[in-house]
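> The structure that follows is given in the form of structure tokens.
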Amino acid sequence: MRNLTFGFFDDSGLPCDRRILMFYSFETEEHLPRSGILHYHLEERRFVGPRHDKELTSAALDFLSRAGRLPTVDSQ
59 MRNLTFGFFD
69 DSGLPCDRRI
79 LMFYSFETEE
89 HLPRSGILHY
99 HLEERRFVGP
109 RHDKELTSAA
119 LDFLSRAGRL
129 PTVDSQ
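Under my numbering, the residue at position 60 of the sequence shown is numbered 118, and the numbers go up by one with no gaps.
Rendered as structure tokens:
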């Protein structure tokens, strides 16, 4: 994965206190563009929907953490 970027769909209509909807895009090693949507369920602390590559979900969790979107253990 090269040039991996993430962003938020903050106006998705989903309750923000339970779910985070985000998009991603990257380029494969073969220079093919890829993009999609990730849906993170805050209460379950996991991505829901189709299975995604571990490298992608790990990078997404890091992005969510750095953006301050993941609750700390104390705030639950």
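Glycine included, every Cβ here is placed at the ideal spot set by N, Cα and C. Predicted, not measured: the structure shown is a model, and the values here were computed from it.
1) Threshold first: 3 residues or longer. Then list the beta strand (DSSP E) segments lying entirely within the segment 86–127, N to C.
2) Closest to residue 96 by CA distance: which of 117, 89, 90, 87 is it?
3) State buried or exposed for residue 80, treating a residue as buried only when at least 16 other CB atoms are found within 10 Å of its CB.
4) Leaving out the 5 sequence neighbours to the left and right, which residues in its chain are closer than 6 Å to residue 128 when beta-carbon positions are compared?
5) Report the residue from 103, 91, 93 whose alpha carbon sits nearest the alpha carbon of residue 76.
This is what the structure holds:
1) Runs of the beta strand (DSSP E) inside the segment 86–127: 91–99, 104–106.
2) Taking only the C-alpha atoms, the option nearest residue 96 is 117.
3) buried
4) 122
5) Closest by alpha carbon: 103.
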